[in-house]
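Report on the following structure.
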Amino acid sequence: KNEVEQSPQNLTAQEGEFITINCSYSVGISALHWLQQHPGGGIVSLFMLSSGKKKHGRLIATINIQEKHSSLHITASHPRDSAVYICAVQTGNQFYFGTGTSLTVIP
Amino acid sequence: KAGVTQTPRYLIKTRGQQVTLSCSPISGHRSVSWYQQTPGQGLQFLFEYFSETQRNKGNFPGRFSGRQFSNSRSEMNVSTLELGDSALYLCASSVGGGWMSETQYFGPGTRLLVL
Numbered sequence: 308k309n310e311v312e313q314s315p316q317n318l319t320a321q322e323g324e325f326i327t328i329n330c331s332y333s334v335g336i337s338a339l340h341w342l343q344q345h346p347g348g349g350i351v352s353l354f355m356l357s358s359g360k361k362k363h364g365r366l367i368a369t370i371n372i373q374e375k376h377s378s379l380h381i382t383a384s385h386p387r388d389s390a391v392y393i394c395a396v397q398t399g400n401q402f403y404f405g406t407g408t409s410l411t412v413i414p
Numbered sequence: 282k283a284g285v286t287q288t289p290r291y292l293i294k295t296r297g298q299q300v301t302l303s304c305s306p307i308s309g310h311r312s313v314s315w316y317q318q319t320p321g322q323g324l325q326f327l328f329e330y331f332s333e334t335q336r337n338k339g340n341f342p343g344r345f346s347g348r349q350f351s352n353s354r355s356e357m358n359v360s361t362l363e364l365g366d367s368a369l370y371l372c373a374s375s376v377g378g379g380w381m382s383e384t385q386y387f388g389p390g391t392r393l394l395v396l
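Sequence order for the protein chains is U and S.
The numbering used here puts the first residue of the first sequence at 308, with every later residue one more than the last.
The numbering used here puts the first residue of the second sequence at 282, with every later residue one more than the last.
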């Protein structure tokens with residue numbers, strides 16, 4: 308049983324396309340993180356959300372606590388956005404991670 | 282400010298050995314957490330330290346342990362290595378509020394191969 312489910316697992320897009328990655332979770336949480344991992348392993352924290360919506364450049368993250376669902380959107384995608392995107396949640400003293408969405412943006 | 286650093290970056294060990302990995306947080310950060318990442322299991326939380334005390338612990342066997350020093354640097358140790366311990370080990374630091382209250386800054390990871 309996975310507490311955090313992401314979809315799709317893999318995504319290929321043409322440069323410029325609008326991209327959506329989804330994250331659903333089954334546990335009660337107070338906040339959710341979106342992480343970006345580039346080839347080689349380095350992880351960058353993109354967003355921390357507890358409600359509503361956040362925007363940073365071409366990235367937008369939304370969360371619906373009642374529906375236990377979050378989405379990460381990338382507008383005007385670029386090849387440098389190619390990475391694995393992971394959502395993570397904490398409930399109590401436990402942390403749960405999605406298995407990641409591997410995004411490839413083709414020029 | 283320098284980022285989170287982890288040493289060594291790569292390590293090869295044999296089954297039964299033990300290994301110690303080091304993580305130096307960003308200056309001023311007092312919280313350090315550790316994660317294991319494998320192709321099969323993805324990212325998994327190991328433990329979190331704050332002010333030299335373990336604040337949270339994931340579901341890993343007792344062979345996995347850690348500690349934090351007064352300068353906030355942290356080490357994790359894996360004893361009696363098994364093949365399945367081959368993974369990328371990542372640490373992250375934050376000022377002190379923990380995962381759900383502030384941004385985490387990740388190190389580049391230590392890639393451990395157990396033969």
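All residues carry an ideal CB built from backbone N, CA and C; glycine is no exception.
Paired residues, beta bridge with residue i - DSSP
i: residue 338 of chain S; result: S:328
i: residue 359 of chain S; result: S:300, S:345
i: residue 293 of chain S; result: S:394
i: residue 406 of chain U; result: Looking at the DSSP assignment, residue 406 of chain U forms no beta bridge with any residue, so it has no partner.
i: residue 369 of chain S; result: S:318, S:392
i: residue 497 of chain U; result: In this structure chain U extends from 308 to 414, so residue 497 of chain U is not present and cannot be described.
Distance between residue j and residue i (C-alpha atoms, nearest Å)
i: residue 334 of chain S; j: residue 414 of chain U; result: 48 Å
i: residue 351 of chain S; j: residue 332 of chain S; result: 7 Å
i: residue 377 of chain S; j: residue 355 of chain S; result: 14 Å
i: residue 342 of chain U; j: residue 389 of chain S; result: 14 Å
i: residue 388 of chain U; j: residue 319 of chain S; result: 22 Å
i: residue 363 of chain U; j: residue 301 of chain S; result: 37 Å
i: residue 357 of chain S; j: residue 320 of chain U; result: 39 Å
Delimiting residues of the beta strand (DSSP E) encompassing residue i
i: residue 320 of chain U; result: 317-321
i: residue 326 of chain U; result: 326-332
i: residue 351 of chain S; result: Per DSSP, residue 351 of chain S belongs to no beta strand (DSSP E) and is neither H nor E.
i: residue 308 of chain S; result: Element bounds for residue 308 of chain S: n/a, residue is neither H nor E.
Buried or exposed (CB count within 10 angstroms, at least 16 for buried), residue i
i: residue 396 of chain U; result: buried
i: residue 359 of chain U; result: exposed
i: residue 363 of chain S; result: exposed
i: residue 298 of chain S; result: exposed
Counting only runs of 3+ residues fully inside the segment 343-403 of chain U, write out the beta strand (DSSP E) ranges in chain order. As far as the segment 343-403 of chain U is concerned, its whole beta strand (DSSP E) runs of at least 3 residues are 350-356, 359-363, 366-371, 376-381, 390-398.
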